[in-house]
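For the sequence shown, UniProt numbering begins at 224 and goes up steadily by one.
Virtual Cβ for every residue (Gly too), placed ideally from N, Cα, C.
Structure, as structure tokens:
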Amino acid sequence: TGLEKVGEGGEEEVGGVEEERREGEEMGMMKGTFKPPICQRCHGLKNFGRAPTHLTSSDPSKSLLTPLHFSAILTKALTPSVLRSNVVVILVDLFDFTTKGALSTLDNIIGDDKGANVILGVNKSDLFPRNTLTPLRAESWVRRELRIAGINCIKGEKGDVRLISALTGFGVQSLISKISGLMNEHNLDGVYVVGGANVGKSTLLNKMVGGKRGEGKATESQLPGTTLDILKLKLKDGKFLYDTPGLLVPGSITTLLSTSELKLVCPKKRVTAKTFRVSPGGCVMLGGLARVDLHKDAKPFLLTFYVGNEVDLHPTRTDKSEDVLKRQVGKMLKPPIVEGDDDESRLERIGMLGGMEEHIYTIHGKGWKEAAADLTIRGLGWFSVTGSGDAKIKVTVPKGVEVNMREESL
Ligand code: GDP
Numbered sequence: 224t225g226l227e228k229v230g231e232g233g234e235e236e237v238g239g240v241e242e243e244r245r246e247g248e249e250m251g252m253m254k255g256t257f258k259p260p261i262c263q264r265c266h267g268l269k270n271f272g273r274a275p276t277h278l279t280s281s282d283p284s285k286s287l288l289t290p291l292h293f294s295a296i297l298t299k300a301l302t303p304s305v306l307r308s309n310v311v312v313i314l315v316d317l318f319d320f321t322t323k324g325a326l327s328t329l330d331n332i333i334g335d336d337k338g339a340n341v342i343l344g345v346n347k348s349d350l351f352p353r354n355t356l357t358p359l360r361a362e363s364w365v366r367r368e369l370r371i372a373g374i375n376c377i378k379g380e381k382g383d384v385r386l387i388s389a390l391t392g393f394g395v396q397s398l399i400s401k402i403s404g405l406m407n408e409h410n411l412d413g414v415y416v417v418g419g420a421n422v423g424k425s426t427l428l429n430k431m432v433g434g435k436r437g438e439g440k441a442t443e444s445q446l447p448g449t450t451l452d453i454l455k456l457k458l459k460d461g462k463f464l465y466d467t468p469g470l471l472v473p474g475s476i477t478t479l480l481s482t483s484e485l486k487l488v489c490p491k492k493r494v495t496a497k498t499f500r501v502s503p504g505g506c507v508m509l510g511g512l513a514r515v516d517l518h519k520d521a522k523p524f525l526l527t528f529y530v531g532n533e534v535d536l537h538p539t540r541t542d543k544s545e546d547v548l549k550r551q552v553g554k555m556l557k558p559p560i561v562e563g564d565d566d567e568s569r570l571e572r573i574g575m576l577g578g579m580e581e582h583i584y585t586i587h588g589k590g591w592k593e594a595a596a597d598l599t600i601r602g603l604g605w606f607s608v609t610g611s612g613d614a615k616i617k618v619t620v621p622k623g624v625e626v627n628m629r630e631e632s633l
């Protein structure tokens, strides 16, 4: 087909030794009986209500939609007959993985339509520490998360889950071959690439067709009959590539950050896992954006953080943390970045986060050899919790930022 990879970056090795899977084991449950595991505050949280200004303004070539518009536009585009005659590639960011948002919306639209050709591209594999992630492990972890969330659209013979890095090119060629294979075998018309904002869709499309969105070698035209920005690109062999607008990310901490702060939070390079042994009454501060406290009645636990290397992690005691924050935000504790080196500027930047809220989890340790759970902070990363006995953990984040517990540590 006319799909071919153009541009830098060959296939890069990720991961190393495959880790043992921990399928079917009892999981540390959080307080209460929620299922899926999500804290009470997040449970009711559907929409952050604030547009991420960096996403809407910095790159006018990108079109981003609110959840409602995203759903409406893709429902209109992905009709049953379109699903039968095209491949759909749903792209997700493994570093900021969630089965909510774009994935659940698309699952509602596609359902378990047996005729659909859906591939899940799991992007940003290059960010993961070596030796912790093999394609096999990542793919089976993702499939398990899909099962837990009841996502059915990527199933069956044609449904595939592929670990890739649009940035380095890892897995991209084989993803393209898979798409081409499906198109040839079933005589399909083209491929739709869909997903949330910031998952790497533009980067992948550039690899697929070369050039920038709208500047590719392929000819483009707005999809007739739509007012929205679905770009239709004609490929060399007469097949089509559809570039769909991204979904704004509700509940992500990125919505509260400036462009320069985002650079600290969104990792560009492989992330180094950082482990702290936290004693009861102790905490770890994630810059001035979030704090993780271990309750004073707990035993010590190991917390291993997977966040951008430029996010300052600072262990201290919970009772000192407020004071440390006021003095060090923007200095030892970045992000946020604070203009000016006075208390007033520091307080002002803290205030601009819009107030904080707490999410409390009780995690049943599985001993020192394996993590009992991951707690994710949307847009920032996650940490795993390892130890024995029960850990009562409090995660303090700006209001509206989603915190989730994952049943199995990634
Ligand atoms: P889009 O909003 O989905 O079109 O996302 P972009 O392609 O603009 O990518 C968003 C950000 O993620 C950019 O900073 C990219 O450089 C980065 N990015 C995209 N793909 C990858 C990847 O595979 N690995 C890493 N580390 N970063 C990526």
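(request) Pull up the DSSP beta-bridge partners for Phe463, would you. (result) Gly413, Lys457
(request) Return yes when the C-beta of Lys491 is under 7 Å from any heavy atom of the ligand GDP, and no when it is not. (result) yes
(message) Distance check for Ser308 and Gly510, CA to CA, integer angstroms please.
(response) 48 Å
(request) Express the C-alpha separation of Arg366 and Lys457 in angstroms, rounding to a whole number. (result) 32 Å
(request) Grab the span of the alpha helix (DSSP H) containing Ser607 for me, first residue to last. (result) Per DSSP, Ser607 belongs to no alpha helix (DSSP H); it is in the beta strand (DSSP E), 604–609.
(message) Using CA atoms only, rank isn't needed, just tell me which of Thr527, Glu562, Leu287 is closest to Ser481.
(response) Glu562
(message) With DSSP as the reference, identify every bridge partner of Cys506, one or two as the case may be.
(response) Asp516, Thr539
(message) Helix, strand or coil for Thr599? Go by DSSP, reduced to three states.
(response) strand
(message) Quick check: is any heavy atom of the ligand GDP less than 7 Å from the C-beta of Asn421?
(response) yes
(message) Output needed for Gly612: all residues of its chain with C-beta closer than 6 Å, excluding positions within five of it in sequence on either side, in chain order.
(response) Lys522, Gly588
(request) Verify the contact flag: Asn309, CB atom, against every heavy atom of the ligand GDP, threshold strictly below 7 Å. (result) no
(request) For Met575, count neighbouring Cβ atoms within 10 angstroms of its own Cβ and tell me buried if that reaches 16, exposed if not. (result) exposed
(message) Using a Cβ-based criterion (distance less than 7 Å to any ligand heavy atom), does Ala596 qualify as near the ligand GDP?
(response) no
(message) Tell me which residue opens and which closes the beta strand (DSSP E) that Asp383 is part of.
(response) 383–386
(request) Can you give me the Cβ contacts of Arg601 inside the same chain, cut-off strictly under 8 Å, excluding the 5 residues immediately before and after it? (result) Asp319, Thr321, Val472, Gly474, Ser475, Ile476, Val624, Glu625, Val626, Asn627
(message) Strictly by DSSP, which residues pair up with Asp613?
(response) His587
(request) Determine the DSSP secondary structure at Ser632, reduced to helix, strand or coil. (result) coil
(request) With distances taken Cα to Cα, identify the nearest neighbour of residue 179 among Arg360, Ser348, Thr355. (result) The structure shown does not extend to residue 179, since the chain spans only 224 to 633, so no value can be given for it.
(message) Please state the DSSP three-state secondary structure of Leu291.
(response) helix
(request) Classify Glu571 as buried or exposed, calling it buried when 16 or more other Cβ atoms lie within 10 Å of its own Cβ. (result) exposed
(request) With Val494 as the anchor, note down where its alpha helix (DSSP H) starts and where it stops. (result) Where Val494 is concerned, there is no enclosing alpha helix (DSSP H), given that its DSSP letter is neither H nor E.
(request) Find out if the Cβ-Cβ distance for the pair Leu343, Ile313 is shorter than 8 Å. (result) yes
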